[in-house]
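The structure appears right after this line, and notes come after that.
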Amino acid sequence: MPECFTILADEVESRIDPHFYRPAFIQFYQQLEKTKFEFKTLGEITEKVTSGATPLSKGDAYTSKEEGIPFIRSGDINEDKNINFDEVLYIKDTIHNKILKGSKLKKGDVLIAIVGATIGQISIYDYDKEANINQAIALVRLKQGINPEYIKAFMISTLGQKQLDRIKRPVARANINLDEIRGIKIILPSLAIQNKIVALMDNAYKEQKNKEEKTTEFLDSINDYVLDGLGIKLPELRNKIIYVVDSEEVQNKRADAYYYQPKFEEIEKAVKKGKFEVKELKEFITKIHYGASVKNEYVDEGIPLLRIMNLKPNKFDLHNVVKLPENMRKDLGNAFVNEGNLLISRSGTVGVVSVVPKEAESFAFGSFMIKFCLNEEVNKNYISAWLNTKLQKLLTEREKIGAIQGNITIETIENFKIPLPPLAVQNKIADEVKKRMQKAESLQKEAKEELEKAKLEVEKIILG
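If you read the sequence shown in the working numbering, its first letter stands for residue 290, the second for the next number, and so on.
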């Protein structure tokens with residue numbers, strides 16, 4: 290909604306964009322400065338504020354997990370401090386210790402996302418292992434005596450987030466520079482109050498973790514329910530170091546040892562021994578194609594774009610959908626979805642599948658996903674449930690190609706083997722999976738609400 294307001298010349302700071310001077314921000318800062326506690330900028334309480342860089346994607350800076358150093362990007366961090374090291378990229382030791390030596394992480398560093406869709410995300414690097422960051426993250430190393438957990442609690446509350454909202458530039462790719470990070474105002478109550486706030490948030494995170502564990506139990510039960518309904522018994526799976534493969538068994542021109550691990554043959558046998566006939570997915574596919582590879586030029590209003598982070602097993606998370614400019618519609622080609630289509634991740638954590646809901650009708654989708662449509666002979670939600678089982682996930686992982694970040698192809702998806710019970714059984718399985726997903730989502734919602742209550746309590750304590 291358009292706003293009209295006036296500022297005086299002597300009120301102009303380093304920025305000249307209207308967003309920075311919106312009355313709501315000015316009023317917020319006036320309230321913030323009334324605090325009875327000590328008031329400092331982030332720069333005054335830090336030893337170091339810096340960011341990393343991104344080596345060329347086609348260069349030789351990257352390597353395998355086994356040989357490299359974790360390279361943390363803004364999408365890898367979250368406020369619960371958990372980093373999935375299976376998902377991050379890895380850089381060579383020489384890059385870490387020479388070109389990017391200034392952005393090496395230490396345990397206790399506060400991390401702030403300063404570019405793009407995740408801007409404003411706050412975390413703490415809570416690991417002893419060496420790691421590095423790209424330019425989309427600000428590394429904030431605090432002085433001795435400043436509790437990083439308190440700074441995180443402050444920054445994830447409205448008191449920190451509103452400041453970030455003010456200083457981020459409302460352009461196609463929102464960003465904040467390091468001087469602006471240093472200028473963030475921090476309220477510093479006594480150490481006793483800081484510790485009280487940290488304890489309050491720790492308790493909230495524990496409650497959240499308990500709810501999430503219950504959520505995981507519900508989601509895991511889906512896997513067991515689907516396999517039981519299909520009469521598939523989970524085999525004992527072990528990785529073998531030594532095994533023999535005859536030359537006539539070599540398939541698809543694959544010569545890598547992992548592809549021929551005996552455990553995969555055990556899974557295939559278990560699926561065939563189930564109660565129902567097994568068919569290839571391509572018998573039911575009516576349309577299939579890759580997503581669009583487009584520039585990350587995000588805007589406030591435009592074409593909604595589904596990214597891989599929006600795709601979850603048997604559901605979509607539409608809370609963080611970015612938008613592309615309307616003038617990119619032609620570049621997107623046929624990379625749009627309709628209700629009832631299926632999307633599957635083809636890069637990173639491959640094989641994550643869900644049916645497109647009505648809420649995502651006509652959204653575009655990115656190149657790390659593949660869309661496929663099915664005929665009426667199968668229940669789309671049943672197919673999604675099967676493809677998300679642990680057994681099928683292992684078989685999908687097996688099919689990855691590419692050394693650094695493996696991908697699957699359209700041909701891989703077409704050749705998936707699907708246990709095919711009668712439609713009535715498919716419907717029954719799909720309905721039960723939906724019920725369990727809804728229960729899991731309800732628990733997740735409760736956990737989020739309790740955490741938000743804790744953040745509000747933090748604000749009350751800080752503001753007195």
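Here a beta-carbon is modelled for each residue, glycine too, at the ideal position from N, C-alpha and C. Fair warning: this is a prediction, and the values are worked out from it, not measured in the lab.
So is residue i buried or exposed if we call it buried at 16+ other beta carbons inside 10 Å?
i, result
"A313", "exposed"
"E438", "buried"
"D365", "buried"
"Y414", "buried"
"E506", "exposed"
"S303", "exposed"
"G371", "Looking at the sequence itself, residue 371 is Asn, so the reference to Gly does not match. N371 should be labelled exposed."
"R618", "exposed"
"A442", "buried"
"A546", "exposed"
"I633", "buried"
"N664", "exposed"
"F654", "buried"
"Q316", "exposed"
"A729", "buried"
"F294", "exposed"
"I305", "exposed"
"N386", "exposed"
"L480", "exposed"
"N599", "buried"
"V301", "exposed"
"Q727", "exposed"
"G580", "buried"
"Q715", "buried"
What residues in its chain sit with their C-beta under 7 Å from that of residue i, if we drop five residues either side in the sequence?
i, result
"A649", "L595, F605, L607, V626"
"K689", "V639, G695, N696, I697"
"L519", "G563, K564, F565, P708, P710"
"R635", "F657, M658, I659, N696, I697"
"T685", "V639, G640, I697"
"I445", "E368, I411, K744"
"I384", "P344, A350"
"E666", "F573"
"N512", "T678, K679"
"H308", "P459"
Do residue i and residue j have their C-beta atoms closer together than 8 Å?
i, j, result
"I380", "G357", "yes"
"A463", "G405", "yes"
"A736", "K500", "yes"
"L712", "N668", "yes"
"P602", "I556", "no"
"E569", "K706", "yes"
"V560", "L680", "yes"
"L428", "S340", "yes"
"G434", "G332", "no"
"I470", "K329", "no"
"I388", "V377", "no"
"L508", "L321", "no"
For residue i, I'd like the list of residues in its chain whose CB is within less than 6 Å of its CB, leaving aside the five on either flank, ordered along the chain.
i, result
"T352", "Y379, K381"
"E336", "R430, K432"
"I408", "A402, K457, A463"
"K390", "none"
"I440", "V399"
"N630", "V645, K660, C662"
"N670", "V644, A719"
"S755", "Only positions 290 to 753 of the chain appear in this structure, which leaves residue 755 out of reach."
"Y310", "I296"
"G591", "K612, L613, P614, E615"
"K325", "G753"
"E496", "E739"
Whose C-beta lies closer than 8 Å to the C-beta of residue i among residues of the same chain, with five residues either side of it excluded?
i, result
"N623", "H578"
"T701", "T685, E688"
"Y494", "D369, L740"
"E759", "Here the chain comprises residues numbered 290 to 753, so residue 759 is not present and cannot be evaluated."
Would you say residue i lies against chain B (beta-carbon separation less than 8 Å)?
i, result
"N603", "As a matter of chain content, chain B is missing from the structure shown, which is built from one protein chain."
Q | Length-filtered (4 minimum) alpha helix (DSSP H) runs lying within the segment 703-751 | A | none
Q. Touch check for the segment 413-425 and the segment 712-726: three-plus C-beta pairs under 8 Å?
A. no
Q) Which runs of the beta strand (DSSP E) fall wholly inside the segment 322-352 and span at least 3 residues, in chain order? A) 327-330, 335-340
Q) Would you call the segment 473-485 and the segment 665-682 in contact, with 3 or more CB pairs under 8 Å? A) no
(Q) Suppose only complete runs of 4+ residues qualify. What are the alpha helix (DSSP H) ranges in the segment 622-701, listed by chain order? (A) 669-676, 679-687
Q | Stretch pair the segment 609-621 + the segment 580-594: three plus CB contacts closer than 8 Å | A | yes
Q. Which ranges does the beta strand (DSSP E) cover as unbroken runs of at least 3 residues, wholly within the segment 576-610, from first to last along the chain?
A. 592-595
**Q.** In chain order, each beta strand (DSSP E) run of at least 3 residues that lies wholly inside the segment 389-438
**A.** 399-402, 411-413, 426-431
Q. Which parts of the segment 445-516 are runs of the alpha helix (DSSP H), unbroken and 4 residues or longer, counting only runs that do not cross its ends?
A. 447-456, 467-471
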